[in-house]
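Asks:
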Amino acid sequence: MATTKTLRCPSCNTPVLLNSEDTPFCSDRCRRVDLGKWASGEYKISSPILDPDLLEELEHAEQQRHPMHEEKSRYRN
Ligand SMILES: [Zn+2]
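Counting along the sequence shown from 1, when you hit position 61 you're at 63 in our numbering, and nothing is skipped either side.
1) What number of angstroms, rounded off, separates the C-alpha of residue 61 from the C-alpha of residue 53?
2) So, are the CB atoms of residue 101 and residue 36 less than 9 angstroms apart?
3) Which value, in whole angstroms, describes the spacing of the CA atoms of residue 42 and residue 18?
4) Does residue 24 come within less than 9 angstroms of chain E when only Cβ atoms are used?
In structure tokens:
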């Protein structure tokens, strides 16, 4: 059974065929509407990771990787 992949128009939520000329929009009109939203700042561009908790977690992950290197160099001496 073949399934047709569809997207939903970000503008009006109408299912759009992937091979549509205006993908991901259902029509040129909706594409323009969406571009208009971007231009007017209605959509906010998401910022890169700035969550302090997440950054801390990443730092911990780094620290957990480093001790192994330190141990190896200690054995060498
Ligand atoms: Zn649409």
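Each residue gets a CB set at the ideal place from its N, CA and C atoms; glycine is no exception.
Replies: According to the data block:
1) 12 angstroms
2) The structure shown does not extend to residue 101, since the chain spans only 3 to 79, so no value can be given for it.
3) 25 angstroms
4) Of the protein chains in the structure, only one exists, and it is not chain E.
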